[in-house]
Amino acid sequence: MFFLTLFLPLFLHSVAGEAHCAQSGTLTTYIERSQMRGMTYNKTAVNRTKAIQLMYDVVADNLEVESISWKHNGEPISIEGSVNKEIYYLTARHELNMMITLHIQMPNARVTGNWTMSVHTADSAEHVAVCFVQSPPIIRSHLGAVRGKEGKPLSLTCSLETYPPPQTITWAKVTPDESVGNEYTLGPVPNATLISVDGVANARLQWTDATAFSGFYMCTAESSLGVDNQMFEVRIKGMKAVLWPCIGIILELFVLGISIFFYERAQTKRRKEEASKNLLDRSKAQ
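In mature numbering (1 follows the signal peptide of the UniProt record, and there is no 0), the protein residues as written are -17 to -1, 1 to 269.
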């Protein structure tokens, strides 16, 4: 559904003759080395210092502009014409046309998709145009291990943050090479089902029984713009591992009960001895 919303404005509005996108944009990215358990792999990241400019050409016939509104991926967004903002727009007149430039100062993966501009002029007309911000695939980073239990289903999801969607997603089993530092080999994933997510094929890897699948797995997303990778660690907790905390608690309660028993026993003995001593002292006093 996410990627479907990217194209909806193109079908909802006719932009020819009133306004059109004069310039779309592409995120500037770079490759960084990411690490998991000593194993390193290539990860795509956004260079946030490289601003993006989207340009809209509006045929306004010198009419007064009453309002300008914006949507990002179909959702209304408030944008001001102030250069002090991270996202702002500026307007400039060129004879009968007006050029509107949307500035995205510190872009990240979330700004990808469609940016719909609507200009309302004094003749009650609405001039609509759609520009796009695109990027190589960027997979959302996953911190920590994915945990499962013996005999239970488990899934890994390759969550994409950028537009356009990747053309292919592949999964691989990562086998560390214990004899060579951070080296590893990639092989097929056993007994798993691949599922589409939001129209992206193979975005989810799923096991009906995850008992035997502890280890590391790599998701690779690829499009004509580039490639990104994300490594996952899977840890499966055995049924015995689930019972050990319960056994530990029971043992602690048992030890506590024994301690209380002997403490009360000692206190009872002490009280009896004190009572006998007091009785003897009173007898001597008489």
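Idealized CB from N, CA, C, for every residue including glycine.
Integer-rounded CB distance, given that residue j should sit under 8 Å from residue i
i, j, result
"V111", "T99", "7 Å"
"Y72", "I51", "7 Å"
"A43", "T84", "About 15 Å separates the two Cβ atoms, so there is no contact after all."
"P136", "Q213", "Contact doesn't hold; Cβ gap of about 21 Å is too wide."
"E133", "G64", "Actually they are not in contact, since the Cβ atoms of E133 and G64 sit about 59 Å apart, beyond 8 Å."
"E144", "R93", "6 Å"
"T27", "R16", "That belief does not hold up - the Cβ atoms of T27 and R16 are roughly 11 Å apart, past 8 Å."
Candidates the options, of which the one nearest residue i by Cα
i, options, result
"A184", "E205, E216 and Q6", "E205"
"residue 272", "E109, T176 and I219", "In the structure as shown, the chain starts at -17 and stops at 269, and residue 272 therefore has no counterpart that could be examined."
"residue 270", "G21, Q189 and T32", "Because the chain is modelled from -17 through 269, residue 270 falls outside the range shown and cannot be assessed."
"G209", "R253, I121 and E247", "I121"
"R218", "G240, R76, T194 and E235", "T194"
"E69", "P90, I60 and F196", "P90"
Residues that DSSP places opposite residue i in a beta bridge
i, result
"H86", "Q36 and Y71"
"L143", "I122"
"E216", "F199"
"T12", "V29"
"P171", "DSSP, once it has assigned bridges, lists no residue as partnering P171."
"D211", "A204"
Any chain C beta carbon closer than 8 Å to residue i
i, result
"S242", "The chain labelled as chain C is not found in the depicted structure, where only one protein chain is given."
The ligand GDP heavy atom lying under 7 Å from the CB of residue i
i, result
"M214", "For the structure depicted, the ligand GDP is absent and the ligand set is empty, with no information on it obtainable."
**Request:** Could you tell me whether the stretch 1 to 11 touches the stretch 195 to 205, using the rule of 3 or more Cβ pairs below 8 Å?
**Result:** Flag = no, the stretch 1 to 11 and the stretch 195 to 205 do not touch.
**Request:** Could you tell me whether the stretch 115 to 133 touches the stretch 5 to 19, where touching means 3 or more Cβ pairs closer than 8 Å?
**Result:** Between the stretch 115 to 133 and the stretch 5 to 19 there are three or more C-beta pairs closer than 8 Å, enough to call the two in contact.
**Request:** Note down, one range per segment and in chain order, each beta strand (DSSP E) of at least 3 residues found wholly within the stretch 55 to 82.
**Result:** Taken in chain order, the complete beta strand (DSSP E) segments of 3 or more residues contained in the stretch 55 to 82 are 58 to 60 and 70 to 77.
**Message:** Tell me whether the stretch 138 to 148 and the stretch 158 to 168 touch, counting them as touching only if at least three CB pairs, one residue from each stretch, are closer than 8 Å.
**Reply:** Contact check between the stretch 138 to 148 and the stretch 158 to 168: fewer than three CB pairs, one atom from each, fall below 8 Å, which does not count as touching.
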